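A short worksheet on the structure shown next.
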Amino acid sequence: MAIQLVRQPPDQAPAATTPDAGALGNALSFEDVYMQFPDGTHTLDGVSLALKPGEFVAVVGPSGCGKSTLLKIASGLVTHTGGTVHVDRNNLGYTFQDATLLPWRKVRENVELLMELRGFSPAERARIAQEQIDLVGLTGFENHYPKRLSGGMRMRASLARSLALNPSVFMFDEPFGALDEITRERLNDELISLYMRQGFTGLFITHSIPEAVYLSTKVVVMSKRPGRIVATFDVPFSYPRSPELRYAPQFSELCGDISVALRDAIEK
Amino acid sequence: MANAPVAIPQVYAAVPRAEQPSVASRILQSVLPPVLMGLVLVVVYIWARNSLEPHRQFLMPDAAGLWTQAFGLAEVRWELLDRGLTTITIAVVGMGVSIPIGMILGIVMFRFHVMEKAFFPYLVALQSIPILAIIPLIQSALGFGFMPKVLIVALFTFFAIPTTLLLGLKSTDRGIIDLFKLQGVNWLVILRKAGLPSAAPALFAGLRISAGLAVIGAIVSELFFLAGRGGLGQMLINAKMDFKYEQMYAALIASSALSIAVYLFFSWLGNRLFADWHESGGKSA
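Line order of the protein sequences matches chains H and V.
For the first sequence, position 249 (counting from the first letter as 1) is numbered 255 according to the numbering used here, and the numbering increases by one without interruption.
For the second sequence, position 71 (counting from the first letter as 1) is numbered 65 according to the numbering used here, and the numbering increases by one without interruption.
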C-alpha cells in the first residue's frame, strides 16, 4: 500500500495516482453504478458521476436514496453489483455521520490513529497530529477525552484525523447533520478554508440544500430509492465564500431551484 | 372555526430557590441509611436469638461469645489469616485458569460466528449444571489435592467471562470498525486496537461477577475436601464438627469479607481504568 508522506503544496491539486483514473482525468468517478444488497434492496440504479481533481461536489437526495452507499462503494466498504468505479483508495479521506472517535483515546491519540495504522513513525505522527490539531482549532484540547468535548469539537477532531493522511479525495457522509445551526455554519467555513488550503477533491453528502450550495462547486440531486442522479447544478460562487453569501439573492434562487428538483425527485 | 376550548389561565406562584444542603447533611444522608439498616439487622438477630430455646442458642452466637471464643483468640486469628490465604490462593489460581481460556473462547466466538453457534448452547448448559453436585465426581477423578479445587473455581467463574467479552466485542461501534477497515489493517489489529478496548468495560463487569464467585467456589470446593491443610471452607466444617459455632461464624464472616474485598478490588480497578472515558466511569463530563 502506497504511503503518501510528501505533503502537497496547498495551491496545487493532488495528482491522481492510479493510472486508470489518471487516464480519464478524474479524481473519482462512478460509471453506471448499480447496487443491490443481498436482501434484495435495490439502492443505486445506474449512477454516473465524475469528479475532476479539485472539484467539490455535494449530493442531496431524499432519506434512504443511497447517498451514503455511494461513499461506501467508493471506499470499498461495500462492493457494487454493477458498473465501474475509478478511485485511488490509498489516498482517500472519509468522514462519517458521527465523529467515530475512539472514546478511550485522547484527542491527540485519536488524530494519530490513522497514521499509526499506516505505520508512520511516532515522531512523524506527533508532528503531523499537532499541525492538524492546530489547523482545526483544537489547540489546548490535545489531552482531552472525546467524552469531554462538544459535538462540534469532536467533529473537528475527526476532520483532523482524516486530514493527517493528506487525502487527495475527501468524502463526507453528512458530517455536520447532528450539529446545531451555528456550529454547523462555522464548520462549513472552516471546511472551506481547509479545502482551499489542501486542495483535495471533495464529495459531500448532506440533507441541507443551503449547506450543499455554500460548500460546493457542483450540487447533484438524487432520486428516491433506487437512487439515480436526476439533476446537476453548477454553483457559480468563487472561494473563499463569506457567510453573507447565504443571504444573497442568487444564493436563494439556486437553493430554490435545487429544492424544486428535489421535490420532483421525491414525488416521481 | 372555533373548535379549541377557551383557555382559563390559573395563577402559578414562583417557589423561592431551595437552600443547598450542607456537606454535613449530605454525608449524613449517605451514611445514616446503611448504618440504621445495620442496626435493624442486629436487632432482628438479637430478637431471633432470644426467641430460640436456651439449649439451641448456640446456633446464633452473641457478640461476647464471638470475641471470647473466636476473634479474641490469637490462634483463631492466625488460623483465619492462614486459611484465608489458602482460600484466596485457590480462588486466584482458579481465575488464572478461567480468565485466559474464557477470553480466548470469547474472541474465537466473536471472530467465527459458526463457533458462537457451536459453543454458546454448551456454555449455557455448563452454567446450568449444579457444580456442587459434580464435586464428588471431580473428587473421585482427580483426588483431594490443589488442582481439583482449582478446577471447581474455574467451573464456577468461567461462564461470565466469554459471554461478557463476546457481548462487549459485538457492541464495538460499527463506524470505528469501518474506520480501521478503510486503512486495510488485518483483523488482529482491529481486535487489539478497537475490539478489546471497547469491550473492556463489559469484560470487567463479568470479571467482577466471576471474582465474587471465585471466593464462593473456593470455599465450597473445600466442603468436600477435609484432608490436608485447607482454607476457610474446611475451617467451617471442622468448627461445626467440633461444635465450635463461634469459630464457624468467624470463618463465615471472614469468607464474606474476602468475597467483598475481591469484588471491591475489581470495582476499584475498573473505575480506575475506565473513569476517564467510559459512561460507567466516576467522573462526569
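Yeah, the Cβ is synthetic: ideal placement off N, Cα and C, and Gly gets one too.
Bear in mind that the values here come from a model prediction, so they are computed numbers and not experimental data.
message: Would you call the region 243 to 259 of chain H in contact with the region 91 to 110 of chain H, where contact means no fewer than 3 C-beta pairs closer than 8 Å?
response: no
query: In whole angstroms, what separates the C-alpha of residue 49 (chain H) from that of residue 170 (chain V)?
result: Position 43 of the first sequence holds residue 49 (chain H). Position 176 of the second sequence holds residue 170 (chain V). About 24 Å.
Pair within 9 Å by beta-carbon distance, residue 256 (chain V) and residue 211 (chain V): Locating residue 256 (chain V) in the second sequence gives position 262, where the first residue counts as 1. Locating residue 211 (chain V) in the second sequence gives position 217, where the first residue counts as 1. No. Outside cutoff.
- prompt: Under 9 Å between the Cβ atoms of residue 53 (chain H) and residue 76 (chain H)?
  reply: Here residue 53 (chain H) refers to the residue found at position 47 of the first sequence. Here residue 76 (chain H) refers to the residue found at position 70 of the first sequence. Yes, these two residues count as a Cβ contact at 9 Å.
- prompt: Should residue 182 (chain H) be flagged as near chain V, meaning a C-beta pair shorter than 9 Å?
  reply: Residue numbering aside, residue 182 (chain H) sits at position 176 when the first sequence is read from its first letter. For residue 182 (chain H), the answer is no, since every Cβ of chain V falls outside 9 Å of its Cβ.
Residue 268 (chain V) versus V:197, V:205 and V:161, residue with shortest Cα-Cα distance: Looking up residue 268 (chain V) in the second sequence gives position 274. Nearest C-alpha to residue 268 (chain V): V:197.
query: Taking only beta-carbon atoms, is residue 263 (chain V) less than 9 Å away from chain H?
result: Within the second sequence, the letter at position 269 stands for residue 263 (chain V). Closer than 9 Å: no.
message: Can you look up residue 140 (chain H) in the DSSP assignment and give me helix, strand or coil?
response: Within the first sequence, numbered from 1, the residue matching residue 140 (chain H) stands at position 134. Helix, per DSSP.
- request: Compare the C-beta of residue 272 (chain V) with all C-beta atoms of chain C and state if any pair is closer than 9 Å.
  value: This model lacks chain C altogether; the protein chains it does include are H and V.
query: At what residue ranges does the region 202 to 233 of chain V contain a whole run of the alpha helix (DSSP H), taking only runs of 4 or more?
result: none
task: Find out if the Cβ-Cβ distance for the pair residue 132 (chain H), residue 147 (chain H) is shorter than 9 Å.
output: Here residue 132 (chain H) is taken as the residue at index 126 of the first sequence, counted from 1. Here residue 147 (chain H) is taken as the residue at index 141 of the first sequence, counted from 1. It is not a contact, given that the beta carbons lie outside the stated cut-off.
message: Checking the sheet assignment: what are the DSSP bridge partners for residue 238 (chain H)?
response: In the first sequence, counting from the first residue as 1, residue 238 (chain H) sits at position 232. Answer by DSSP bridge pairing, in chain order: H:226.
field: Residue from V:154, V:77, V:141 and V:248 whose Cα sits closest to the Cα of residue 118 (chain V)
entry: As a first step, residue 118 (chain V) is located in the second sequence; it is residue number 124 there, counting from the start. Residue V:154 is the option with its Cα nearest to residue 118 (chain V).
- request: Could you check the C-alpha separation between residue 145 (chain H) and residue 71 (chain V) for me, to the nearest Å?
  value: Residue 145 (chain H) sits at position 139 when you count from the first residue of the first sequence. Residue 71 (chain V) sits at position 77 when you count from the first residue of the second sequence. Between residue 145 (chain H) and residue 71 (chain V), the C-alpha separation is close to 59 Å.
message: Distance check for residue 65 (chain H) and residue 196 (chain H), CA to CA, integer angstroms please.
response: Counting from one through the first sequence, the residue named residue 196 (chain H) turns up at place 190. Counting from one through the first sequence, the residue named residue 65 (chain H) turns up at place 59. If you take the alpha carbons of residue 196 (chain H) and residue 65 (chain H), they lie about 19 Å apart.
- request: Report the neighbours of residue 104 (chain H) on chain V: residues whose CB is nearer than 8 Å to its CB, in chain order.
  value: As a working note, residue 104 (chain H) is residue 98 in the first sequence. The answer, in chain order, is 169.
- prompt: Nearest CA to the CA of residue 161 (chain V): which residue from V:179, V:223, V:110 and V:209?
  reply: Numbered from 1 along the second sequence, position 167 holds the residue referred to as residue 161 (chain V). The candidate whose alpha carbon is nearest that of residue 161 (chain V) is V:110.
- request: Note down, in chain order, each residue of its chain lying with its Cβ closer than 8 Å to the Cβ of residue 195 (chain V), except the 5 sequence neighbours on either side.
  value: Sequence index remark: in the second sequence, residue 195 (chain V) carries index 201 (1-based). 162, 264, 268, 272 and 274, listed in sequence order.
task: Could you check the C-alpha separation between residue 216 (chain V) and residue 124 (chain V) for me, to the nearest Å?
output: Stepping through the second sequence from its first residue, residue 216 (chain V) is reached at position 222. Stepping through the second sequence from its first residue, residue 124 (chain V) is reached at position 130. So the alpha carbons of these two residues sit roughly 16 Å apart.
query: When the Cα atoms are used, what is the spatial distance from residue 142 (chain H) to residue 190 (chain H)?
result: The residue labelled residue 142 (chain H) in the question sits at position 136 within the first sequence. The residue labelled residue 190 (chain H) in the question sits at position 184 within the first sequence. Taking the straight line from one Cα to the other gives about 14 Å.
query: If you draw a straight line from the alpha carbon of residue 119 (chain H) to that of residue 170 (chain H), how long is it in whole angstroms?
result: Counting from one through the first sequence, the residue named residue 119 (chain H) turns up at place 113. Counting from one through the first sequence, the residue named residue 170 (chain H) turns up at place 164. Roughly 9 Å between the two C-alpha positions.
- request: Using 8 Å as the cut-off, classify the Cβ of residue 94 (chain V) as near or not near the heavy atoms of the ligand FAD, replying yes or no.
  value: Ligands in the displayed structure: none, and consequently the ligand FAD is not present.
- prompt: How would you list, in chain order, the residues of chain H whose beta-carbon sits under 7 Å from the beta-carbon of residue 175 (chain V)?
  reply: As a first step, residue 175 (chain V) is located in the second sequence; it is residue number 181 there, counting from the start. Going along chain H in sequence order, the residues near residue 175 (chain V) (Cβ under 7 Å) are 83.
message: Just to make sure I have the definition right: I need the residues of chain V whose C-beta is within less than 9 Å of the C-beta of residue 73 (chain H). Which are they?
response: In the first sequence, residue 73 (chain H) corresponds to position 67, counting from 1. Neighbours of residue 73 (chain H) on chain V: none; closest Cβ ~16 Å, over 9 Å.
message: Helix, strand or coil for residue 10 (chain H)? Go by DSSP, reduced to three states.
response: To locate residue 10 (chain H), count along the first sequence from 1; it is residue 4. The predicted model places residue 10 (chain H) with a pLDDT of 37, which falls under 50 and marks its position as unreliable; any figure quoted below should be read in that light. Three-state result, residue 10 (chain H): coil.
message: Quick check on residue 17 (chain H): does DSSP put it in helix, strand or coil?
response: Within the first sequence, the letter at position 11 stands for residue 17 (chain H). With a pLDDT of 43 at residue 17 (chain H), under the threshold of 50, the modelled position of that residue is not reliable, and no figure is offered here.
field: Proximal chain H residues relative to residue 179 (chain V), where beta-carbon distance stays under 8 Å
entry: Sequence index remark: in the second sequence, residue 179 (chain V) carries index 185 (1-based). Those are 123, listed as they occur along chain H.
- request: Given a cut-off of 9 Å, decide if residue 242 (chain V) and residue 74 (chain V) are closer than it, judged by their beta-carbon atoms.
  value: Residue numbering aside, residue 74 (chain V) sits at position 80 when the second sequence is read from its first letter. Residue numbering aside, residue 242 (chain V) sits at position 248 when the second sequence is read from its first letter. No, the Cβ-Cβ distance between residue 74 (chain V) and residue 242 (chain V) is not below 9 Å.
query: So, does the CB of residue 40 (chain H) fall closer than 9 Å to a CB anywhere in chain V?
result: Your numbering for residue 40 (chain H) matches position 34 in the first sequence. No - not a single Cβ of chain V is within 9 Å of the one on residue 40 (chain H).
task: Determine the direct distance from the alpha carbon of residue 131 (chain V) to that of residue 109 (chain H), and round the result to whole angstroms.
output: As a first step, residue 109 (chain H) is located in the first sequence; it is residue number 103 there, counting from the start. As a first step, residue 131 (chain V) is located in the second sequence; it is residue number 137 there, counting from the start. Distance between the alpha carbons of residue 109 (chain H) and residue 131 (chain V) is about 47 Å.
query: Quick one: does residue 44 (chain H) have its CB under 9 Å from some CB of chain V?
result: For the purposes of this step, residue 44 (chain H) is taken as the residue at position 38 of the first sequence. Not one chain V Cβ lies under 9 Å of residue 44 (chain H).
- prompt: Looking at chain V, which residues of the region 107 to 134 of chain H have a Cβ within less than 7 Å of any of its Cβ atoms?
  reply: 108, 109, 110, 120, 123 and 124
- prompt: Excluding five sequence neighbours on each side, which residues of the same chain lie with their C-beta closer than 6 Å to the C-beta of residue 100 (chain H)?
  reply: Position 94 of the first sequence, counted from the start, is the residue given in the question as residue 100 (chain H). Excluding sequence neighbours, residue 100 (chain H) sits near 81 and 177.
field: Boundaries of the beta strand (DSSP E) in which residue 180 (chain H) is found, first to last residue
entry: Within the first sequence, residue 180 (chain H) is the residue found at index 174, counting from 1. Here residue 180 (chain H) belongs to no beta strand (DSSP E), and DSSP marks it neither H nor E.
- prompt: When burial is assigned at 16 or more other CB atoms within 10 Å of the CB, is residue 172 (chain H) buried or exposed?
  reply: For this step, residue 172 (chain H) is matched to residue 166 along the first sequence. Buried, because 16 or more other Cβ atoms sit within 10 Å of the Cβ of residue 172 (chain H).
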